[in-house]
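*Asks:* Structure below; questions to follow.
Numbering (this note's numbering), first residue to last: 17 to 244.
Below, the structure is given as structure tokens:
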């Protein structure tokens, strides 16, 4: 499982980032200061560091410099000050990416996946591909193929398929799926939205939606993938 360290002094933002990444099956080390960040880095194996530039007891650039003394761990900077000199200074220190506040969680997740792919650290504890019957899911590219033809899924449909596929063999309750489908912008996903997206996904996946091979209903509980 990929371990990501976040160093951010805004407690609400830190908790939100940690919650989002943990839902994506990353292991998260959440630090609120430079000192905590150094301690985590020295005591854990970290595959990615997300660093706020301005910290109460130091700076993200100093922490990046500390990391670079002994490691090539990828670094993404977060900052409210996106002036060109600061951005250039960050890249000169060896930063792999730079994100200006405010930002959407979806954009951050895409940046994280891109950095991990570029640096060869994309090891989230799951296989890169999921193959079942004539269906192939590429988790890295977030694409789905059936009989060598790419299916056009919405973001919600893809996240729903991913949640079921990653838990193949287990029953996913409606509550569990609703938690996984919680909108990245914080918008509530309700029971009706879940039912609508299950139907739409089945229409795209199944040859005969009345005789489902992929998404099966467990009445009164939720859904399971395939033969689960």
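Every residue gets a Cβ at the ideal spot worked out from N, C-alpha and C, and that includes glycine.
Could you name the residues of the same chain whose beta carbon sits closer than 6 Å to that of residue 110, not counting the 5 residues immediately before and after it, in chain order?
*Replies:* Same-chain partners within the cutoff: 84.
*Asks:* Starting from the Cα of residue 242, find the closest Cα among 34, 161, 149 and 69 and give me that residue.
*Replies:* For residue 242, the nearest C-alpha among the options comes from 149.
*Asks:* Check residue 70 in the structure and name its three-state DSSP category.
*Replies:* Here residue 70 sits in strand by DSSP.
*Asks:* Is it buried or exposed, residue 124, if we count other Cβ atoms within 10 angstroms and call 16 or more buried?
*Replies:* Buried.
*Asks:* From the DSSP output, in three-state form, read off residue 109 for me.
*Replies:* Of the three classes helix, strand and coil, the one that applies to residue 109 here is coil, per DSSP.
*Asks:* For the beta strand (DSSP E) holding residue 239, just list the boundary residues, first then last.
*Replies:* Residues 238 to 241.
*Asks:* Helix, strand or coil: how does DSSP classify residue 157 here?
*Replies:* Reduced to three states, the DSSP call for residue 157 is coil.
*Asks:* CB residue 68 to CB residue 74, shorter than 8 Å?
*Replies:* Result no, Cβ atoms of residue 68 and residue 74 do not sit closer than 8 Å.
*Asks:* From residue 92 to residue 29, what distance separates their C-alpha atoms?
*Replies:* Their Cα atoms are separated by approximately 15 Å.
*Asks:* Using 8 Å as the cut-off, can you tell me whether the stretch 163 to 173 makes contact with the stretch 206 to 224, which would need three or more C-beta pairs spanning the two stretches below that distance?
*Replies:* The stretch 163 to 173 vs the stretch 206 to 224: in contact.
*Asks:* If you draw a straight line from the alpha carbon of residue 135 to that of residue 18, how long is it in whole angstroms?
*Replies:* If I take the Cα positions, the gap works out to 13 Å.
*Asks:* What ranges does the alpha helix (DSSP H) occupy inside the stretch 178 to 221, keeping only unbroken runs of at least 4 residues that lie completely in it?
*Replies:* Qualifying alpha helix (DSSP H) stretches, in chain order: 190 to 196 and 207 to 221.
*Asks:* Could you round the C-beta distance between residue 237 and residue 189 to whole angstroms and report it? I think they count as a contact, below 8 Å.
*Replies:* Rounded, the Cβ-Cβ distance is 6 Å, consistent with contact.
*Asks:* Straight-line CA distance for residue 51 to residue 132?
*Replies:* Each residue's Cα considered, the two are about 25 Å apart.
*Asks:* Between residue 22 and residue 224, what straight-line distance do the alpha-carbon atoms span, to the nearest angstrom?
*Replies:* Rounded to whole angstroms, residue 22 to residue 224 spans 46 Å at the Cα level.
*Asks:* Give me the DSSP bridge partner(s) of residue 21.
*Replies:* Its beta-bridge partners are 45 and 65.
*Asks:* Let's see if you can read the secondary structure: which residues bound the alpha helix (DSSP H) around residue 167?
*Replies:* Not the alpha helix (DSSP H): residue 167 falls in the beta strand (DSSP E), residues 165 to 167.
*Asks:* Check whether the Cβ atoms of residue 167 and residue 230 sit closer than 8 Å, and answer yes or no.
*Replies:* No, the pair does not count as a contact, with Cβ atoms beyond the cut-off.
*Asks:* With H, G and I counted as helix, E and B as strand and the rest as coil, what does DSSP make of residue 36?
*Replies:* Here residue 36 sits in helix by DSSP.
*Asks:* Less than 8 Å between the CB atoms is what I'm expecting for residue 96 and residue 117, so what's the real figure, rounded?
*Replies:* Yes, they are in contact, since the Cβ atoms of residue 96 and residue 117 sit about 5 Å apart, within 8 Å.
*Asks:* Would you mind sorting residue 88 into buried or exposed? The rule is 16 or more other CB atoms within 10 Å of its CB.
*Replies:* Under this definition residue 88 is an exposed residue.
*Asks:* Would residue 38 be called buried (16 or more neighbouring beta carbons within 10 Å of its own) or exposed?
*Replies:* When all chains shown are included, residue 38 counts as exposed.
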